[in-house]
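Here's the structure we're looking at; comments come further down.
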Amino acid sequence: MLPAALRYGEAAVVLFDVLLLVGMAALFGAAVQKPVALGGWTIADKTLCASPQFEKRRAGRAHVYYGFGLTIKAPLDFPELRSEQPDESAGPCDVEVTFGTVEEHPQYLEDGDRGFWVRGEQACYALRDVGVFLVSAGRFICVEAHENATEEALRLCILGPVLGLALQQRGFLTLHASAVSIQGAAVAFLGGHGWGKSTMAALLQARGYPVISDDLMALEPDSNRVVPSFPQLKLWPDAAGALGHTSQELPRVHPDVDKRALRLIEGFVCEPSPLRRLYLLAVGETTAIETIPPAQVFEELMRHWYGSRFGPALLKSLDLRGHFLRVSNLASTVGLRRLQRPATLLDDLVLGETIEKAILEDLES
Amino acid sequence: MTNLTKASLLVASPDQVSADVSPDASGDVVILHLKDGIYYELNEVGARIWELIQQPCSVQAVLDALLIDYDADAEQCEADLLALVDDMAGRGLIEIKDGPIP
């Protein structure tokens with residue numbers, strides 16, 4: 002039986018209205034920013050230090066942390082991350098952060114405060130007044146901190162876009178999503194800035210579902226398992242308040258940003274979890290979960306790929322065929338549904354229960 | 239470009255990658271052109287044609303297969319197929335080669 006629109010005899014309908022051109026939006030055009038790639042670069046000379054206020058750090062012993070399933074050695078305090086006892090016999094850390102000089106800075110966009118270039122196994126991200134971060138082969142992160150940069154700002158950058166690049170280079174599939182563990186499997190919430198990813202994770206965490214990741218979600222290179230990020234949720238004060246935390250008791254994620262860091266002592270998953278379902282967050286009249294046509298699922302997954310923030314340059318530098326097949330596989334095996342909820346997410350304490358019920362019912366179907 | 243006839247051989251271009259993104263392999267095919275980054279969605283009939291031309295396949299063979307699968311008017315079907323093939327070739331998704339001499 003043919004779909005109605007394709008059946009013959011219904012005069013004007015052309016059978017081969019095949020190229021629906023729904024996807025005519027060029028992937029390369031789906032970029033957040035237009036990065037500028039420059040010619041010629043060298044790995045920063047680690048004996049140089051352009052950040053005098055961090056020089057003392059270099060002399061001290063670096064700490065070893067654990068996040069995204071990786072050991073991370075860094076000359077900075079990361080209260081967000083779980084720390085590891087340095088084990089000399091365990092060999093080198095997966096990721097090593099050092100302060101240094103990055104020779105080739107990306108150009109900032111005229112109207113923006115970010116810059117980016119990528120070449121081979123190196124990618125460089127810059128955030129105005131914070132620093133320039135050179136990420137090499139998923140292993141080395143060279144930080145050239147701006148003289149006025151605060152540690153909070155540097156940490157925020159390293160734990161977000163910079164580690165995002167390192168994970169990408171290591172072959173992880175990164176998505177702009179939060180995730181919690183429900184019945185032993187990961188359930189993820191996709192969305193842009195301000196769509197309520199962290200709030201959704203916090204709401205479910207308060208109902209007993211451990212958090213897996215917030216904002217940056219990474220899937221293992223060869224499987225659809227989500228690696229646990231680190232035990233922190235970034236919440237706006239109203240969200241923190243609604244969940245029973247006073248803003249004063251939670252540190253700001255950055256001096257200039259009112260978002261608060263909710264660091265989780267418990268209720269956090271430490272092992273990779275198979276991804277069971279992806280939800281695209283949306284706001285509507287009621288709480289409802291609806292299916293999304295497969296081709297649109299693919300499109301949404303590409304849109305909410307964490308790397309899209311770096312613009313077309315990163316996408317073009319990838320093994321595009323492999324990336325496409327990876328995302329398609331996620332679309333067909335895990336799938337994406339739209340989770341709609343009322344705008345008054347925080348005013349209504351019953352809503353958490355309603356959303357939980359809707360998700361549990363949906364997972365059964 | 240070679241003239242498009244019923245003897246022409248059609249084959250998917252090496253500059254693209256495609257996948258069925260539906261949960262039940264029901265033919266929701268998405269094609270990405272690797273050079274220009276444009277992606278396309280195929281409907282069910284398009285997906286059937288796409289499946290046929292993953293190996294070089296003549297226009298006639300595609301037409302025959304479609305006429306078996308779908309209750310369609312042969313003349314209309316041929317005209318639609320040729321228009322589609324021309325469009326896809328123009329977008330670099332398929333290659334058209336001269337078929338064997340009849």
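Quick mapping for you: the protein sequence lines, in order, are chains A and B. Heads up, the first sequence is in this note's numbering, so the first residue is 2 and it goes up one at a time. Heads up, the second sequence is in this note's numbering, so the first residue is 239 and it goes up one at a time. All residues carry an ideal CB built from backbone N, CA and C; glycine is no exception. Quick caveat: nothing in here was measured; it's all calculated off a predicted structure.
Judged by DSSP in its simplified three-state form, A/W196 adopts coil rather than helix or strand. For A/V298, the nearest CB of chain B lies under 8 Å from its own CB, placing it at the interface with that chain. Only buried fits A/G353, as 16 or more other CB atoms lie within 10 angstroms of its CB.
DSSP places A/C143 outside any alpha helix (DSSP H); the residue lies instead in the beta strand (DSSP E), whose first and last residues are F141 to A146. Restricting attention to A/Y126, A/G192 and A/A243, the CA atom closest to the CA of A/G161 is found in A/Y126.
With the criterion set as a beta carbon lying under 8 Å from some beta carbon of chain B, the members of the stretch 327-343 of chain A are S329, N330, A332, S333, T334 and G336, in sequence order. Per DSSP, A/A178 is one residue of the beta strand (DSSP E) stretching across L174 to I183. Taking 8 Å as the CB threshold, A/R322 lines the interface with chain B.
Under a criterion of Cβ atoms nearer than 7 Å, the residues of chain A adjacent to B/S260 are, in order, P295 and S333. Non-local C-beta neighbours of A/E152 in its own chain, meaning closer than 8 Å and more than five positions away in sequence, comprise L77 and D78, ordered along the chain.
The C-beta of A/E267 has fewer than 16 other C-beta atoms within 10 Å across all chains shown, which makes the residue exposed. A/Y66 is bridged by DSSP to A/I73 and A/S84. The contact set of B/L301 on chain A, defined by CB atoms closer than 8 Å, is empty, because the minimum CB distance reaches about 12 Å.
Under a criterion of Cβ atoms nearer than 9 Å, the residues of chain B adjacent to A/F325 are, in order, V255, S256, A257, V268, L270, L272 and Y277. Between B/S251 and B/L331 the beta-carbon gap is near 6 Å, inside 8 Å, which marks them as a contact.
CA-CA distance, A/E362 to A/P222, rounds to 30 Å. Three or more beta-carbon pairs separated by less than 8 Å link the stretch 258-278 of chain B to the stretch 291-302 of chain A, which places the two stretches in contact. According to the DSSP assignment, A/T292 belongs to the beta strand (DSSP E) that extends over A289 to T292. Between A/L337 and A/T102, the alpha-carbon positions lie close to 42 Å from each other. Between A/A241 and A/T200, the alpha-carbon positions lie close to 8 Å from each other. Residue pairing from DSSP places B/D258 in a beta bridge opposite B/V267. With a cut-off of 8 Å on Cβ pairs, the stretch 262-278 of chain B is in contact with the stretch 317-330 of chain A, counting three or more such pairs. Between the stretch 184-194 of chain A and the stretch 250-263 of chain A, the count of Cβ pairs shorter than 8 Å is below three; the stretches do not touch. Around the beta carbon of B/A310, 16 or more other beta carbons lie within 10 angstroms, which makes this residue buried. Between A/V65 and A/V98 a beta carbon distance of about 11 Å is seen, past the 8 Å cut, so the two are scored as non-contacting. For the 8 Å CB-CB criterion, A/P275 and A/P229 do not form a contact.
Following the DSSP letters along the chain, one finds A/W118 inside the beta strand (DSSP E) bounded by residues R115 to R120. Straight through space, the alpha carbons of A/G116 and A/E357 are spaced by roughly 40 Å. For A/A262, the enclosing beta strand (DSSP E) begins and ends at V258 to R264.
For A/L279, the enclosing beta strand (DSSP E) starts and ends at S274 to V284. A/E221 sits in coil when the DSSP states are folded into three classes, being neither helix nor strand.
Residue burial annotation: A/T175 is buried, with at least 16 other C-beta atoms found within 10 angstroms of its C-beta.
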